[in-house]
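Okay, so the sequence shown: first residue is 17 according to the numbering used here, each after it adds one.
Think of the CB as a built atom: it goes at the ideal place given N, C-alpha and C, for glycine as much as any other residue.
Bear in mind that the values here come from a model prediction, so they are computed numbers and not experimental data.
Quick notes on the structure that follows.
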Amino acid sequence: MRLATSAQMRNMDRVTIEERGVPSALLMERAAAAVAAEAENMLPPAAGAVKHAAVFCGAGNNGGDGVAAARLLREAGWQVDACLVGQRERMSADCAEMERRLIAIGGKLIPFTEEFAAMEQCAMAADVIVDALFGIGLNAAIRGAGAEAVALMNRAPAPVLSADIASGISADTGEMLGQAVLADRTVTFTLPKVGHFVGDGALYSGTVVVADIGIPQELVDGEDYPVRVTEPDTIRLPRRARDSHKGDYGRVYILGGSTGYAGAPVLAANAAVRSGAGLVTVGTPRAVWGIVAGKLLEPMPHPLPDDGAGQVVSAALEPILEQINRSDVCLIGPGLGRGEETAALVRRLLTRVNIPVVLDADGINALEGHIDVLDGRRERLTVLTPHDGEFARLTGAPPGKDRIGAARAFASAHGCVLVLKGFRTITAFPDGTAAVNTTGNPGMATGGSGDVLAGIILSLLGQGFPPTQAVPAAVYLHGQAGDSCARVLGEYGMLPSDMIRQLPFELIGE
Numbered sequence: 017m018r019l020a021t022s023a024q025m026r027n028m029d030r031v032t033i034e035e036r037g038v039p040s041a042l043l044m045e046r047a048a049a050a051v052a053a054e055a056e057n058m059l060p061p062a063a064g065a066v067k068h069a070a071v072f073c074g075a076g077n078n079g080g081d082g083v084a085a086a087r088l089l090r091e092a093g094w095q096v097d098a099c100l101v102g103q104r105e106r107m108s109a110d111c112a113e114m115e116r117r118l119i120a121i122g123g124k125l126i127p128f129t130e131e132f133a134a135m136e137q138c139a140m141a142a143d144v145i146v147d148a149l150f151g152i153g154l155n156a157a158i159r160g161a162g163a164e165a166v167a168l169m170n171r172a173p174a175p176v177l178s179a180d181i182a183s184g185i186s187a188d189t190g191e192m193l194g195q196a197v198l199a200d201r202t203v204t205f206t207l208p209k210v211g212h213f214v215g216d217g218a219l220y221s222g223t224v225v226v227a228d229i230g231i232p233q234e235l236v237d238g239e240d241y242p243v244r245v246t247e248p249d250t251i252r253l254p255r256r257a258r259d260s261h262k263g264d265y266g267r268v269y270i271l272g273g274s275t276g277y278a279g280a281p282v283l284a285a286n287a288a289v290r291s292g293a294g295l296v297t298v299g300t301p302r303a304v305w306g307i308v309a310g311k312l313l314e315p316m317p318h319p320l321p322d323d324g325a326g327q328v329v330s331a332a333l334e335p336i337l338e339q340i341n342r343s344d345v346c347l348i349g350p351g352l353g354r355g356e357e358t359a360a361l362v363r364r365l366l367t368r369v370n371i372p373v374v375l376d377a378d379g380i381n382a383l384e385g386h387i388d389v390l391d392g393r394r395e396r397l398t399v400l401t402p403h404d405g406e407f408a409r410l411t412g413a414p415p416g417k418d419r420i421g422a423a424r425a426f427a428s429a430h431g432c433v434l435v436l437k438g439f440r441t442i443t444a445f446p447d448g449t450a451a452v453n454t455t456g457n458p459g460m461a462t463g464g465s466g467d468v469l470a471g472i473i474l475s476l477l478g479q480g481f482p483p484t485q486a487v488p489a490a491v492y493l494h495g496q497a498g499d500s501c502a503r504v505l506g507e508y509g510m511l512p513s514d515m516i517r518q519l520p521f522e523l524i525g526e
């Protein structure tokens, strides 16, 4: 699913109006019709015979959508209380025209600041509240009367429907600008926006419904959309050839484990096997090899020289390279530990390994203060899977409110694939494109979940899927397995190992 920016939408609107001759008021009427239709769909079961809407309108074109929707609801028999949150003298021409049409049928647009008590009473009694304060052009924190209106909508008991985007959310980053309307549903126009799916916007948009308001399809298709949402119909695995063998589905290598963290490479290895990898080899320190070997049946563990305290040392370099040179992809980092010699070993491996590398956990931490090692792999595929803390160690600062911007900038600057884990995990590519994931739940916020994800990424890359398909698909499948576990076991009781067992039921073949 393509995600548009505010600039792209403004350009499409402009061309439609100025070059294609579609009246702006007609586009506004179509947007308002979509808002009114969704208001009907949101009526609570306990709504009375007389349906009641409270509509909060700004002075711009988003407010015009709200004013027009108020008129349409009134014409449909609703009791409608609409207010203007802003200065009438600053109303856009289309918003003023919609107010004229509302007045023509006996309605009115009351000033919010002068009639606050009356509007508060209406909001508290409403069946549906419509938020049409600020549209996708908002780029500053909401203050004054706008902030009061947002607070009123958020404390009212009725469900809230936002027009285009929840007021207070940046359409391009999902950042909350001061405060924002907590919408139950958002009806957006032509295309969903980036801000609906990332950051605070993913929490404040509710269910997002896309309405066609008549922007010509060739204009929509003529734009370049670097940010997309990963969708289930893109997660398809090809039917396996009847005469295939284990070597056809990837020889993958995992370097991980240390004293106290023997479970991490086990989870990664089992996830790789369960997601289709042909041959999985695990290199782990001699001190924990017995534990790892005892927990692995299908993957093949081998012991590596360690420091006596359970972390691999430089003497392990050649044995590791011997295994990696027989592999298609390798994963470095799950439970590996942060000892200085171990971190130096990781950096030496990164300079010598020519196959694709997935860096997770302590594999990422080894790059702290050594980002030049990552830059040296520009011509070789490297996938990093940091959470926000690991990202901060890499860059010196957390990703901040614009997580998608931070992920895209990092991937572009360092020529890697970045999987920025968290709510709505983002996969960013060196060419500036990114995929937003919508699967997953809070039950996955537990130790070991990231190891499972790393194993799935490793497996799909090892099976030969291109990174642009394999990495977002792995993130999606990981979250989808977690969602299935949450439905059966609940978010408190599910475990990363449960997600591994669920994986075969989530893998979809052609």
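**Message:** Excluding the 5 residues flanking T398 on each side, which residues of the same chain have their C-beta closer than 6 Å to its C-beta?
**Reply:** For the purposes of this step, residue 398 is identified with residue 382 of the sequence shown, where counting begins at 1. Around T398: V373 and C432.
**Message:** Between which two residues does the beta strand (DSSP E) holding L125 run?
**Reply:** By one-based count along the sequence shown, residue 125 stands at place 109. From DSSP, the beta strand (DSSP E) with L125 extends over L125 to P127.
**Asked** By the 10 Å Cβ neighbour count, where 16 or more other Cβ atoms means buried, how is N453 classified, buried or exposed?
**Response** Along the sequence shown, one-based indexing puts residue 453 at 437. It counts as buried.
**Request:** Find out if the Cβ-Cβ distance for the pair T401, A303 is shorter than 8 Å.
**Result:** Position 385 of the sequence shown, counted from the first residue, corresponds to residue 401. Position 287 of the sequence shown, counted from the first residue, corresponds to residue 303. Not in contact: T401 and A303 (Cβ atoms no closer than 8 Å).
**Message:** Taking a contact to mean a Cβ-Cβ separation below 8 Å, would you say P520 touches D467 in this structure?
**Reply:** Here residue 520 is taken as the residue at index 504 of the sequence shown, counted from 1. Here residue 467 is taken as the residue at index 451 of the sequence shown, counted from 1. Contact: no.
**Asked** Hey, G292 and L505: beta-carbon distance below 8 Å or not?
**Response** Stepping through the sequence shown from its first residue, residue 292 is reached at position 276. Stepping through the sequence shown from its first residue, residue 505 is reached at position 489. No, the Cβ-Cβ distance between G292 and L505 is not below 8 Å.
**Message:** Does the region 245-262 come into contact with the region 270-290, if we say contact requires no fewer than three beta-carbon pairs (one atom in each stretch) closer than 8 Å?
**Reply:** no
**Request:** May I ask you to list the residues that DSSP assigns as paired with D147?
**Result:** Reading the sequence shown from its first residue, position 131 is the one you call residue 147. Its beta-bridge partners are F72 and S178.
**Cβ-heavy atom distance, R424 to the ligand ATP, below 7 Å** = This structure does not include the ligand ATP; it has no bound ligands of any sort.
**Message:** Among the candidates L474, F445 and F439, whose CA atom is the shortest distance from the CA of P458?
**Reply:** As a working note, residue 458 is residue 442 in the sequence shown. The residue with the shortest Cα to Cα distance from P458 is F439.
**Prompt:** What first and last residue would you give for the beta strand (DSSP E) that runs through L312?
**Reply:** Here residue 312 corresponds to residue number 296 of the sequence shown, with the count starting at 1. Careful: L312 lies outside any beta strand (DSSP E) and carries neither H nor E.
**Asked** From this set, A287, A325 and I387, which residue's C-alpha is nearest E314's C-alpha?
**Response** Residue mapping note: residue 314 aligns to position 298 of the sequence shown, counting from 1. Of the listed residues, the one whose Cα sits closest to E314 is A287.
**Exposure of A413, with buried meaning 16 or more beta-carbon neighbours within 10 Å** = As a working note, residue 413 is residue 397 in the sequence shown. Exposed.
**Prompt:** Given a threshold of 16 other Cβ atoms within 10 Å of its Cβ, counted over all protein chains shown, does Q233 qualify as buried or as exposed?
**Reply:** In the sequence shown, residue 233 corresponds to position 217, counting from 1. Classification of Q233: exposed, given that the 10 Å Cβ count is below 16.
**Request:** Quick one: residues in its chain with C-beta nearer than 7 Å to the C-beta of R18, no 5 flanking neighbours on either side, listed in chain order?
**Result:** As a position in the sequence shown, residue 18 is number 2, starting the count at 1. Within the same chain, R18 has close Cβ partners L207, Y241 and R244.
**Request:** Can you check DSSP and say which residues form a bridge with V374?
**Result:** For the purposes of this step, residue 374 is taken as residue 358 along the sequence shown, with counting starting at 1. According to DSSP, V374 bridges with L347 and V399.
**Request:** State buried or exposed for D180, treating a residue as buried only when at least 16 other CB atoms are found within 10 Å of its CB.
**Result:** Residue numbering aside, residue 180 sits at position 164 when the sequence shown is read from its first letter. Buried, by the Cβ-count rule.
**Request:** Write down every uninterrupted run of the alpha helix (DSSP H) in the region 422-450 whose length is 4 residues or greater and which is fully enclosed by it, in chain order.
**Result:** none
**Prompt:** Is A182 closer than 8 Å to A199 when the C-beta atoms are compared?
**Reply:** As a working note, residue 199 is residue 183 in the sequence shown. As a working note, residue 182 is residue 166 in the sequence shown. In this structure, A182 lies closer than 8 Å to A199 by Cβ.
**Span separating the alpha-carbon of G463 from that of I126** = As a position in the sequence shown, residue 463 is number 447, starting the count at 1. As a position in the sequence shown, residue 126 is number 110, starting the count at 1. Their Cα atoms are separated by approximately 54 Å.
**Prompt:** For G12 versus Q339, is the C-beta spacing smaller than 8 Å?
**Reply:** Past the boundaries of the shown model lies residue 12; the chain is included only from 17 to 526, so the question cannot be answered.
**Prompt:** Relative to the C-alpha of A63, which residue among L337, P173 and R87 is closest?
**Reply:** Position 47 of the sequence shown, counting from 1, holds the residue named residue 63. The candidate whose alpha carbon is nearest that of A63 is P173.
**Request:** Please look up how many angstroms separate the CB atoms of A331 and P319, rounded, as I've assumed it's under 8 Å.
**Result:** As a first step, residue 331 is located in the sequence shown; it is residue number 315 there, counting from the start. As a first step, residue 319 is located in the sequence shown; it is residue number 303 there, counting from the start. Actually they do not touch by this definition, with Cβ atoms about 12 Å apart.
**Prompt:** What are the start and end residues of the alpha helix (DSSP H) that includes Y492?
**Reply:** For the purposes of this step, residue 492 is taken as the residue at position 476 of the sequence shown. Here the alpha helix (DSSP H) through Y492 covers P483 to L505.
**Prompt:** Touching or not, the region 145-159 and the region 19-35, by the rule of three or more beta carbon pairs under 8 Å?
**Reply:** yes
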